[in-house]
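From first to last, the protein sequence lines stand for chains A and B.
Numbering (the numbering used here) for the first sequence: 1 to 121.
Numbering (the numbering used here) for the second sequence: 1 to 121.
There are 2 protein chains.
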Amino acid sequence: MAKIKENSTNNLNRKYIITDCNLTYSICMVGGRWKLLILCNLENGKLRFGELRSKICNITERMLTLHLRELENDGIVKRTVYAEVPPKVEYELTDIGRELIPIWEQLSNWGEKHRAMTRPE
Amino acid sequence: MAKIKENSTNNLNRKYIITDCNLTYSICMVGGRWKLLILCNLENGKLRFGELRSKICNITERMLTLHLRELENDGIVKRTVYAEVPPKVEYELTDIGRELIPIWEQLSNWGEKHRAMTRPE
DNA sequence: TATGGTACATACAAAAAAGTAAGTAATGGC
DNA sequence: GCCATTACTTACTTTTTTGTATGTACCATA
């Protein structure tokens, strides 16, 4: 999230895996702690920064900003700034971002099933 | 992976998110650096520890062991030990593990498409 | 008796991710 | 002039993940 060391084994391995495997590449795109929660909240339309912050309880402004920046850089989320004071910024899913929705619905179902299997009442 | 501090904000947030969101829960299951590469390699049947190690270049024995343990604990991979010397251990996907295959194929396609979009030649 | 193969375990170090606390800019309303 | 609002920064600390290096058990074979 912050600075990474370009030539660390860690970073080189990450690059190697991402290059090698589309699947790992995809997972990395949405792999940050809060990213999926952000994306889920955007599923039904645009939200302002402050709306996201209050919908996702426990997230700090710093984390929200960092994840949104990454999602924006990765073309999954679109950011629109309105020239107003106080500032108004809206976030929404891009087309390629929306294409994740049916996939994550399945993943979510899998999770529910898995959870039921491993922790039966 | 190693010891975690039960009451750190970091850990509490992780628990909270996982409890709250099946999707994040699912992603956490396969979120480790090498997990998906391991799972992909098991897609076509059982493999021994040493086979996995040589198929996944750059992975260390420690990382392979750690990830396999987690996948086993999460019921995604099954471990079979043969009472032989030298030891022989085989790994394979469980039923719930196999149910991820169609999902990760879609994710993989998404990744390919996304990659083409963001880095067109 | 020494050696080799297999699947690990352990102690430690480096790197990355997440969290904390405080500050900033712009401007409209009081 | 002062304060409130919004969407951020920045500097720093803590926690977690990843990687390095080395050691272990077991027994068959040389």
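Even glycine gets a Cβ: it sits at the ideal position worked out from N, Cα and C.
Open item on the list: With DSSP as the reference, identify every bridge partner of R14 (chain A), one or two as the case may be.
Closed with: Residue numbering aside, residue 14 (chain A) sits at position 14 when the first sequence is read from its first letter. Bridge partners of R14 (chain A): none, in fact.
Open item on the list: Quick check on DSSP: helix, strand or coil for M1 (chain A)?
Closed with: The residue you call residue 1 (chain A) lines up with position 1 of the first sequence. Low per-residue confidence applies at M1 (chain A): pLDDT is 44, beneath 50, and the placement is therefore not dependable enough to give any value.
- [ ] Take M1 (chain B) and list the residues in its own chain whose beta-carbon comes closer than 6 Å to its own, dropping the five residues that flank it on each side.
- [x] One-based indexing of the second sequence puts residue 1 (chain B) at position 1. Only weak support exists for where M1 (chain B) lies, its pLDDT of 45 falling under 50; the value from the coordinates is given anyway. Closer than 6 Å at Cβ, skipping near neighbours: L66.
Open item on the list: Looking at chain B, is there any beta carbon in it that lies within less than 8 Å of the beta carbon of L100 (chain A)?
Closed with: Numbered from its first residue, the first sequence carries residue 100 (chain A) at position 100. Yes, because at least one Cβ of chain B sits closer than 8 Å to the Cβ of L100 (chain A).
Open item on the list: How far does the beta strand (DSSP E) with R79 (chain B) in it extend, from its first residue to its last?
Closed with: Within the second sequence, numbered from 1, the residue matching residue 79 (chain B) stands at position 79. Counting along the chain, the beta strand (DSSP E) containing R79 (chain B) begins and ends at V77 to Y82.
- [ ] Taking only beta-carbon positions, decide if T65 (chain A) is within less than 8 Å of chain B.
- [x] Stepping through the first sequence from its first residue, residue 65 (chain A) is reached at position 65. No, T65 (chain A) does not count as interfacial toward chain B.
Task: Contact under 8 Å by Cβ, E92 (chain B) with V77 (chain B) - done: Start at 1 with the first residue of the second sequence, and residue 92 (chain B) comes out as number 92. Start at 1 with the first residue of the second sequence, and residue 77 (chain B) comes out as number 77. Yes.
TODO: Pick out whichever of A:A83, A:T94 and A:H114 has its Cα sitting closest to the Cα of R98 (chain B).
DONE: Your numbering for residue 98 (chain B) matches position 98 in the second sequence. Measuring from the Cα of R98 (chain B), the nearest candidate turns out to be A:H114.
- [ ] Compute the distance between the beta-carbons of E112 (chain B) and N22 (chain A), then report whether it is under 8 Å.
- [x] Mapped onto the second sequence, residue 112 (chain B) falls at position 112. Mapped onto the first sequence, residue 22 (chain A) falls at position 22. Closer than 8 Å, so yes.
- [ ] Within the same chain, show all residues whose beta-carbon is closer than 6 Å to that of V30 (chain A), passing over the 5 residues directly before and after it, in chain order.
- [x] Within the first sequence, the letter at position 30 stands for residue 30 (chain A). Only L36 meet the Cβ criterion.
Task: N- and C-terminal bounds of the beta strand (DSSP E) containing E90 (chain B) - done: Here residue 90 (chain B) refers to the residue found at position 90 when the second sequence is read from its first residue. K88 to L93 is the span of the beta strand (DSSP E), which, as asked, contains E90 (chain B).
Open item on the list: Assuming K55 (chain A) is part of the alpha helix (DSSP H), what are its boundary residues?
Closed with: Translated into the one-based positions of the first sequence, residue 55 (chain A) becomes position 55. Unbroken alpha helix (DSSP H) run through K55 (chain A): F49 to K55.
Open item on the list: Please classify I4 (chain B) as buried or exposed, where buried requires at least 16 other C-beta atoms within 10 Å of its C-beta.
Closed with: Residue numbering aside, residue 4 (chain B) sits at position 4 when the second sequence is read from its first letter. So I4 (chain B) counts as exposed.
Open item on the list: For the segment 27-47 of chain B, list every residue whose C-beta sits within 8 Å of some C-beta in chain A, in sequence order.
Closed with: I27, M29, V30, G31, R33, W34, L36, L37 and C40
TODO: Please name the residue in A:E6, A:N10, A:D74 and A:T118 whose C-alpha comes closest to that of N58 (chain B).
DONE: Stepping through the second sequence from its first residue, residue 58 (chain B) is reached at position 58. Closest option to N58 (chain B), Cα to Cα, is A:N10.
Task: Proximity of I56 (chain B) and I38 (chain B) at Cβ, strictly below 8 Å - done: Position 56 of the second sequence holds residue 56 (chain B). Position 38 of the second sequence holds residue 38 (chain B). Contact: yes.
Open item on the list: Tell me the rounded alpha-carbon separation between I96 (chain B) and L47 (chain B).
Closed with: As a position in the second sequence, residue 96 (chain B) is number 96, starting the count at 1. As a position in the second sequence, residue 47 (chain B) is number 47, starting the count at 1. Straight-line Cα distance between these residues: approximately 18 Å.
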